[in-house]
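Heads up, the thing below is written out as structure tokens.
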Amino acid sequence: MSRDKKHNFKFKHSLGQNFITDEFLLEDIADESGITKDDLILEIGPGNGALTRCLCDRAKYVVIVEIDKSLIPLLKSNLKEYNNVSIINADFLKFNFQNIINEFLSISDFRPIKVVANLPYYITSPIIQNLLQNPYICEMTLMVQKEVAERIVATPNNKDFGVLTLACNYFAETEMIMLVSKECFYPKPKVDSAVVHFKKFPQFVYDKLDSHITDNTNNQIIQSDEKLFKLIKASFAERRKKLLNSLSNAGYDKNSLATAFSKLGFDENVRAENLSLDDYKNLLNIL
Ligand code: SAM
20 MSRDKKHNFK FKHSLGQNFI TDEFLLEDIA DESGITKDDL ILEIGPGNGA
70 LTRCLCDRAK YVVIVEIDKS LIPLLKSNLK EYNNVSIINA DFLKFNFQNI
120 INEFLSISDF RPIKVVANLP YYITSPIIQN LLQNPYICEM TLMVQKEVAE
170 RIVATPNNKD FGVLTLACNY FAETEMIMLV SKECFYPKPK VDSAVVHFKK
220 FPQFVYDKLD SHITDNTNNQ IIQSDEKLFK LIKASFAERR KKLLNSLSNA
270 GYDKNSLATA FSKLGFDENV RAENLSLDDY KNLLNIL
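Set out below in structure tokens:
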């Protein structure tokens, strides 16, 4: 376990605690996230608050959610000169989002929230899924492991193109905005990182508070198209096989598939990674 001697803080590898030590990088992330003085910002996993300070300098209000109780005194001390930040000690994935909205509502009319975070890598996928399906979030600027970033922004016919890419393509426009060396963190992680920007499509963002479908933490979520994602997951379950075979192995009728492929002009040897999100939508419509 590494130690931050100045604050007598023990870094917990199990919580993905690799803090950014490069001041320029912190400013760059805040700049690239395009925050304005009107924006409400949520930061997941603020750590020691170094990125939070850059966000507070640029935004109207910032809510931070940190799971590690031992970081709360450090956060309070490092953020004491800011009056536009609320600190919440909670597990983001188990927390009722209404509490975060209430923090914002205490100072401002509601407007869609932007998320900026250097994510804890052990829960990257569930957090991204949660944010994509959360209708109160309009944009996310997220530091993730470089390999995950490559999967998020991959294009068809590429080995990185898969279920994660298509899930992101379904909800948002994505762009990799910077590559980050492992040297920029303490403790130094084993992997390099990258920052990805997500701009959600307008149909997945509410501009006012509304009641809708909720998950088991009572958070409002947008349901993705279940049939479409069933088809996509079945397609990639055996990604080296021909799509015709993997889908028929998954229970789709081979004759209907062959007819659909020919109507859509798909080669019979096509593999899962060769089709775009629109191709999958068209295939589902015909099947
Ligand atoms: N933002 C800081 C920075 O960039 O230097 C720290 C980022 S560090 C990669 C991830 C942070 O997420 C840690 O502070 C960790 O304690 C916190 N964290 C881990 N799991 C969490 C969870 N489920 N909910 C909220 N915070 C979490």
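If you're matching positions, the sequence shown starts at 20 in the numbering used here and goes up one per residue.
Note that beta-carbon positions come from the ideal geometry of N, C-alpha and C, so glycine has one too.
Fair warning: this is a prediction, and the values are worked out from it, not measured in the lab.
- For the pair K165 and D110, the CB atoms are not nearer than the 7 Å cut-off.
- Judged by beta-carbon spacing, G35 lies within the 7 Å limit of P139, meaning their Cβ atoms are closer than that value.
- Within the same chain, R77, A78, K79 come within 8 Å of K56 by CB-CB distance, once the 5 residues on both sides are set aside.
- L74 is a Cβ neighbour of A49, given a cutoff of 7 Å.
- Note on geometry: alpha-carbon atoms of I54 and A279 lie some 45 Å from one another.
- The beta carbon of E169 sits closer than 7 Å to the beta carbons of D179 from its chain, once the five residues preceding and following it are set aside; these are given in chain order.
- Distances from the CA of I60 to each of N288, L262, P131 were compared; the closest alpha carbon is that of P131.
- Counting the other Cβ atoms within 10 Å of the Cβ of R259 gives fewer than 16, which makes it exposed.
- Not one heavy atom of ligand 1 sits closer than 6 Å to the Cβ of E166.
- Taking 7 Å as the cut-off, the Cβ atoms of E62 and T71 count as close.
- DSSP, read as helix, strand or coil, puts L161 in strand.
- For K249, the uninterrupted alpha helix (DSSP H) segment begins and ends at 245-256.
- Just so you know, the alpha carbons of F129 and A277 end up roughly 50 Å apart.
- Under the DSSP definition of a beta bridge, H216 partners with T160, E194.
- Close CB contacts of I156 within its chain, under the 8 Å cut and outside five residues either way in sequence, are with L61, P131, I132, K133, V134, L150, K219, V224 (chain order).
- DSSP places K133 inside the beta strand (DSSP E), whose first and last residues are 132-137.
- Per DSSP, I120 is one residue of the alpha helix (DSSP H) stretching across 116-124.
- DSSP places L306 in the coil class of the three-state scheme, outside both helix and strand.
- Excluding sequence positions up to five before and after K201, its CB lies within less than 8 Å of the CB of K207, P208, K209, V210, D211, S212, all in the same chain and listed in chain order.
- Counted as a single uninterrupted DSSP element, the stretch harbouring I48 is not any beta strand (DSSP E) but the alpha helix (DSSP H) occupying residues 42-51.
- For L228, the closest of Q117, K113, E51, H216 by C-alpha to C-alpha distance is Q117.
- Excluding its 5 nearest sequence neighbours in each direction, E257 has C-beta neighbours in its own chain below 6 Å: S265, listed in chain order.
- Note on the stretch 70-116: whole beta strand (DSSP E) runs with a minimum of 3 residues are 80-85, 104-108, in chain order.
- Boundaries of the beta strand (DSSP E) around I63: 59-63.
- Distances from the alpha-carbon of T143 to those of N301, E292, G64, K273 put G64 closest.
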